[in-house]
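Q: With the working numbering, the residue at position 343 of the sequence shown is 352, and numbering never jumps.
Can you read through this structure? Questions will come right after.
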Amino acid sequence: MARSRDRRAPRPAILIPFAVLAACVTSTERSGPSRVLTGNASGTVVTRNPDGSVTRDASLQVSLEPLPALETDGFHAPLLSDADGGWLVWQARSNADWPMLLAQRGASTAVSASVALRRPEGGETASRGDDLLLGRMATARGVLVEGPRPDGSRRVGLLPWRSETPQWLEGEGEVRAFACLGPREVWAYARRGIEAEAFDLVVERPEGRLEFPRREGESWMMPVVAPDGVYGCSLRDGILELAFLPIRSGEHLTRTQAEPAILRQRISIRATARTAYQTMAAVPPDAASLTEGLLFFHPEMRRMAVWSPRSGRVALLAEGSVAARQHAPGTMLVTLPRSLVLQEWPPEPAMAPLQVLPGLWIPCGNLAGATLVAAPRDNGCGLSRLGLGLDTKTDR
Numbered sequence: 010m011a012r013s014r015d016r017r018a019p020r021p022a023i024l025i026p027f028a029v030l031a032a033c034v035t036s037t038e039r040s041g042p043s044r045v046l047t048g049n050a051s052g053t054v055v056t057r058n059p060d061g062s063v064t065r066d067a068s069l070q071v072s073l074e075p076l077p078a079l080e081t082d083g084f085h086a087p088l089l090s091d092a093d094g095g096w097l098v099w100q101a102r103s104n105a106d107w108p109m110l111l112a113q114r115g116a117s118t119a120v121s122a123s124v125a126l127r128r129p130e131g132g133e134t135a136s137r138g139d140d141l142l143l144g145r146m147a148t149a150r151g152v153l154v155e156g157p158r159p160d161g162s163r164r165v166g167l168l169p170w171r172s173e174t175p176q177w178l179e180g181e182g183e184v185r186a187f188a189c190l191g192p193r194e195v196w197a198y199a200r201r202g203i204e205a206e207a208f209d210l211v212v213e214r215p216e217g218r219l220e221f222p223r224r225e226g227e228s229w230m231m232p233v234v235a236p237d238g239v240y241g242c243s244l245r246d247g248i249l250e251l252a253f254l255p256i257r258s259g260e261h262l263t264r265t266q267a268e269p270a271i272l273r274q275r276i277s278i279r280a281t282a283r284t285a286y287q288t289m290a291a292v293p294p295d296a297a298s299l300t301e302g303l304l305f306f307h308p309e310m311r312r313m314a315v316w317s318p319r320s321g322r323v324a325l326l327a328e329g330s331v332a333a334r335q336h337a338p339g340t341m342l343v344t345l346p347r348s349l350v351l352q353e354w355p356p357e358p359a360m361a362p363l364q365v366l367p368g369l370w371i372p373c374g375n376l377a378g379a380t381l382v383a384a385p386r387d388n389g390c391g392l393s394r395l396g397l398g399l400d401t402k403t404d405r
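The structure is reproduced here in structure tokens:
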């Protein structure tokens, strides 16, 4: 069994550049070599040594059950419908380029795209539409889709699992994109005029419509609805910020009232619309909203992170991580380019992540007490059901 050692050496070369971008950062670095852990029993023993270093011995029960693979567009990760893993949906075919994905002015409207769905374990695959772009999340009711139109407008809607026709959100003559659904069926999406460049952020709530304030030159993208507020990405003159508007059920704010309430965190000073898209593309909105804050990909630090807006803290996950999902209370499954690892959550600087699987694996959601993981490849995606057993014991 390999050991992991944290020598607590200062890292000024890493911390100083980031001080310009964030007020308070908790950084978790890899310490020691990667470990593939096997054994009949699961457990972790943590020991604090007399010199202040920490070692950890661990064993982890891992089961991996292959599932039927998917033929995809080679870009979008599949989506799982809900906590019970009722439906699996993916972009089966798409001619979308970056301007179309970003819903930019002048993007092609000659869409050739369809989504496909089936049960996660396999069975008959159904195809839906010939001009539907896969949205950002799926729910027990259906999957979010987008529909570019020949006149340059764009619709967002929900495609029910057993229907071939989306339920489009009302609205004509404008471009809507990046939609998500939150608690209480709250919709959030970006909206602009057909000839406009910048997006507004609109939230449709039972209490009424809420529009985020927009500064001159500012464009909003990639909203996430949380139980206690709404997140969004703000792009303005190359500066990318995360934003959070605290608002609870029963509250109503006007655009003017919302402006001073918004909390912001700068994460890049050289960003584009593609940067903003990639910041939130790795995690569906329903998985991005955590009790501690917003799970996202940090474009400057090149790793997954969580922003806690009320404290202003940014907690960094494993170095080089490209995706992550909370696995259970106290742990996070984190995707590295060459392995899937299990990391303590909140991050524990003394602990190196535990390697679970070699190779590129993306956690897609819960599946009957296990985790659905996807292995992207050209024009397709391998799938497996991952079972983990970890019983932590500590000795410090």
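Heads up, the beta-carbon is just placed ideally off N, CA and C, and yes, glycines get one too.
Please read these numbers as outputs of a predicted model, since none were measured by experiment.
#1: Which runs of the alpha helix (DSSP H) at least 4 residues long sit entirely within the stretch 118 to 160? Give them in chain order.
#2: May I ask you to check if the CB of Val331 is nearer than 6 Å to at least one heavy atom of the ligand ZN?
#3: Suppose contacts are defined by Cβ-Cβ distances below 7 Å. Is Pro308 in contact with Thr344 by that definition?
#4: Using a threshold of 7 Å, state whether the C-beta atoms of Gly151 and Trp170 are closer than that.
#5: Going by CA-CA distance only, name the one from Pro59, Gly83, His85 and Gly94 that's closest to Arg407.
#6: What do you get for Ser258, buried or exposed, if any count of 16 or more other CB atoms within 10 angstroms of its CB means buried?
#7: Met289 lies in the alpha helix (DSSP H); which residues open and close that run?
#8: In three-state DSSP terms, what is Pro236?
#9: Going by alpha carbons, who is nearest to Leu69 out of Leu366, Leu325 and Gly115?
#10: For a test of the three-state rule: what should DSSP assign to Leu30, helix, strand or coil?
#11: Is it true that the stretch 260 to 272 meets the stretch 329 to 339, where meeting means three or more beta-carbon pairs spaced less than 8 Å apart?
#12: May I have the straight-line CA-CA distance separating Arg386 from Leu299, to the nearest angstrom?
#13: Tell me Thr380's beta-bridge partners as DSSP assigns them.
#14: Could you pull out every residue in the same chain whose Cβ sits closer than 6 Å to the Cβ of Gly238, ignoring the five residues on either side in sequence?
#15: Residue range of the beta strand (DSSP E) that Gln364 falls in?
#16: DSSP three-state label for Arg311, please.
#17: Can you tell me which of Ile248, Ala188, Glu155 and Leu73 puts its alpha carbon nearest to the alpha carbon of Gly226?
#18: Please classify Gln266 as buried or exposed, where buried requires at least 16 neighbouring CB atoms within 10 angstroms.
#19: Under a three-way DSSP split, which group does Pro294 fall into?
#20: Spell out the partners DSSP gives Met230 in its beta bridges.
#21: Can you tell me where the alpha helix (DSSP H) holding Gln266 begins and where it ends?
#22: Answer with buried or exposed for Glu101, where buried requires no fewer than 16 other C-beta atoms within 10 angstroms of its C-beta.
#23: Roughly how many angstroms lie between the CA atoms of Asp91 and Pro192, to the nearest whole one?
#24: Would you decide whether Gly7 is buried or exposed? Buried here means 16 or more other CB atoms lie within 10 Å of its CB.
#25: Exposed or buried, which one is His85 when buried takes at least 16 other CB atoms within 10 Å?
#26: Relative to the alpha-carbon of Leu326, which residue among Leu351, Gly396 and Pro318 has its alpha-carbon at the smallest distance?
#27: Which first and last residues belong to the beta strand (DSSP E) in which Pro255 is found?
A: Per the coordinate set shown:
#1: none
#2: Ligands displayed in this structure: none; no statement on the ligand ZN is therefore possible.
#3: Numbered from its first residue, the sequence shown carries residue 308 at position 299. Numbered from its first residue, the sequence shown carries residue 344 at position 335. No; because the gap between Cβ atoms is not below 7 Å, this pair is not in contact.
#4: Within the sequence shown, numbered from 1, the residue matching residue 151 stands at position 142. Within the sequence shown, numbered from 1, the residue matching residue 170 stands at position 161. Against a cut-off of 7 Å, the Cβ pair of Trp170 and Gly151 comes out as a contact.
#5: Coverage of the chain is limited to positions 10 through 405, which leaves residue 407 absent and any answer about it impossible.
#6: Residue mapping note: residue 258 aligns to position 249 of the sequence shown, counting from 1. Exposed is the call here.
#7: Taking the first residue of the sequence shown as 1, we reach residue 289 at position 280. Residue range Ala282 to Ala290 is occupied by the alpha helix (DSSP H) that includes Met289.
#8: Here residue 236 refers to the residue found at position 227 of the sequence shown. Looking at Pro236 - three-state DSSP - the assignment turns out to be coil, as it is neither helix nor strand.
#9: On the sequence shown, position 60 is the one that residue 69 refers to. Comparing Cα-Cα distances from Leu69 to each of Leu366, Leu325 and Gly115, the minimum goes to Leu366.
#10: Here the question's residue 30 lines up with position 21 in the sequence shown. Any answer about Leu30 is weak, because its pLDDT of 27 lies below 50 and its placement is not dependable; what the coordinates show is given next. If DSSP states are grouped into helix, strand and coil, Leu30 belongs with coil.
#11: Judged by Cβ distances under 8 Å, the stretch 260 to 272 makes no contact with the stretch 329 to 339, as fewer than three pairs qualify.
#12: Working through the sequence shown from its first residue, we reach residue 386 at position 377. Working through the sequence shown from its first residue, we reach residue 299 at position 290. Computed Cα separation, rounded: 29 Å.
#13: For this step, residue 380 is matched to residue 371 along the sequence shown. Its beta-bridge partners are Asn375 and Leu395.
#14: As a working mapping, residue 238 is identified with position 229 in the sequence shown. Closer than 6 Å at Cβ, skipping near neighbours: Phe253, Leu254, Pro255 and Ile256.
#15: Taking the first residue of the sequence shown as 1, we reach residue 364 at position 355. Per DSSP, the continuous beta strand (DSSP E) segment holding Gln364 begins and ends at Leu363 to Pro367.
#16: Walking along the sequence shown from the start, residue 311 turns up at place 302. Reduced to three states, the DSSP call for Arg311 is coil.
#17: Working through the sequence shown from its first residue, we reach residue 226 at position 217. Of the listed residues, the one whose Cα sits closest to Gly226 is Ile248.
#18: Position 257 of the sequence shown holds residue 266. Its Cβ having fewer than 16 others within 10 Å, Gln266 is exposed.
#19: Translated into positions along the sequence shown, residue 294 becomes position 285. Residue state, collapsed to three classes: helix.
#20: Taking the first residue of the sequence shown as 1, we reach residue 230 at position 221. Beta-bridge pairing links Met230 to Cys242.
#21: Position 257 of the sequence shown, counting from 1, holds the residue named residue 266. Start and end: Arg264 to Ala267.
#22: Reading the sequence shown from its first residue, position 92 is the one you call residue 101. Note that residue 101 corresponds to Ala in the displayed sequence, not to Glu. It is buried - the Cβ of Ala101 has at least 16 other Cβ atoms within 10 Å.
#23: Taking the first residue of the sequence shown as 1, we reach residue 91 at position 82. Taking the first residue of the sequence shown as 1, we reach residue 192 at position 183. So the two alpha carbons sit approximately 13 Å from each other.
#24: What the structure shows of the chain is the stretch from 10 to 405, and residue 7 is not part of that stretch, so it cannot be assessed.
#25: The count along the sequence shown starts at 1 and reaches residue 85 at position 76. It is buried - the Cβ of His85 has at least 16 other Cβ atoms within 10 Å.
#26: Here residue 326 corresponds to residue number 317 of the sequence shown, with the count starting at 1. Among Leu351, Gly396 and Pro318, the Cα nearest to that of Leu326 is on Leu351.
#27: As a working mapping, residue 255 is identified with position 246 in the sequence shown. Pro255 -> beta strand (DSSP E) spans Ile248 to Pro255.
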